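Per the working numbering, residue 1 is the first one in the sequence shown, and the count goes up by one each step. Just so it is clear, CB atoms sit at the ideal spot from N, CA and C, and this is done for glycine as well. The model shown is predicted, which means the values in this text are computed figures rather than measured ones.
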Amino acid sequence: EEAGEHVLEVEVSLPELAELLGEELRLPAIRPRGREAVLSDVRRYRSIRRTGPESLRHFRRTFRTALRRQIAEGTYEPDRPVVVPRREDRRYRSWRIAEVPQSNAAVIYMMDVSGSMGTEQKEIVRIEAFWIDTWLRSQYRNIEVRYIVHDAAAREVDRHSFFHLRESGGTKISSAYELCSRIVEERYSPMEWNVYPFHFSDGDNWSGGDTRTCMELLREKLLPRVNVFCYGQVKSAYGSGQFKVDLDDELGDDGRVLTSEIPDREGILPSIRTFLGTGR
């Protein structure tokens, strides 16, 4: 009879997740822009020490230290995987002074919800958006998130609707870019806000003429006001993938335009590295 799988459940905070993501993808700290881009000193629990109050005990690090010790001592039995921390194994969180930008960030997600974007494509976008949010919230004090869906027309929705709506119409990407540029112009001055539009689709668009309209909107209205513009193309059974080709041809030399292909869930982390790896 085979031994069952033993799982240790450990709560991990969002700042810890952001730190793990940054380490895994080697993401640089973001340098905010705008007149609000000043640094303030804050205390963050990012250091580890051997002593401290029980309320600050780091259970995951304590468990890891105990496991390492038992393996070194030869007392760890894989057939009976019991890890018993001793007092000397205990590790505690300790604060240190960290510089945190006091600037503002606006994150605007856009997604094609036409018939070709199915449940799996939306789940990929949801997972990627979670990690993007987690990282950006670790870099900025104040973040506002907006959601735009589009098929042949665009509209702003709440977060739940963003990930669950599905329409049957065609796709007109320029409608999303027009709405996004209007929101940015009315609400998010580049002097005070760091703006991050993220657009996800399967690459289908209404026509070549609408794609040209998209390029004009990017050049004239969006790119002058944003830190970066990120386009993630999620593979679907029905999407042509043409929009990324056109975007790379037209604006691939502009460092503010970042594009990625996301063939499946394994493509999420490389896509995030592309989008957040510039430090802008």
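query: Span separating the alpha-carbon of Ser260 from that of Ile272; result: 9 Å
query: Where Asn142 falls, given that 16 or more other Cβ within 10 Å makes a residue buried; result: exposed
query: Residue range of the alpha helix (DSSP H) that includes His150; result: That residue, His150, is in no alpha helix (DSSP H); its beta strand (DSSP E) goes 142-150.
query: Three-state class that DSSP yields for Met111 in the structure shown; result: strand
query: Contact under 8 Å by Cβ, Ile132 with Ile268; result: no
query: Contiguous beta strand (DSSP E) assignments of at least 3 residues, all confined to the region 185-269; result: 193-201, 229-234, 257-262
query: Nearest to Ala106 (by Cα), restricted to the options Arg137, Arg57, Asp246, Val84; result: Arg137
query: First and last residue of the uninterrupted beta strand (DSSP E) at Arg80; result: No beta strand (DSSP E) holds Arg80; DSSP gives it neither H nor E.
query: Simplified DSSP state of Arg166, which is helix, strand or coil; result: coil
query: At least 3 beta-carbon pairs within less than 8 Å: the region 190-203 vs the region 230-248; result: yes
query: Three-state secondary structure (DSSP) of Ile30; result: coil
query: Assigned secondary structure, Glu36 (DSSP; H/G/I helix, E/B strand, else coil); result: Only weak support exists for where Glu36 lies, its pLDDT of 47 falling under 50; the value from the coordinates is given anyway. Coil, per DSSP.
query: Burial state of Cys230, where buried means 16 or more other Cβ atoms lie within 10 Å; result: buried
query: Glu156, enclosing beta strand (DSSP E) - first and last residue; result: 154-157
query: Span separating the alpha-carbon of Ser116 from that of Gly208; result: 18 Å
query: Minimum C-alpha distance to Gln121 - residue among Pro270, Ile262, Glu167, Phe275; result: Ile262
query: Gly169: CB within 7 Å of a non-hydrogen atom of the ligand NAP; result: Because no ligand of any kind appears in the structure shown, any question about the ligand NAP cannot be addressed here.
query: Short Cβ contact (8 Å threshold) for Gly279 with Pro28; result: yes
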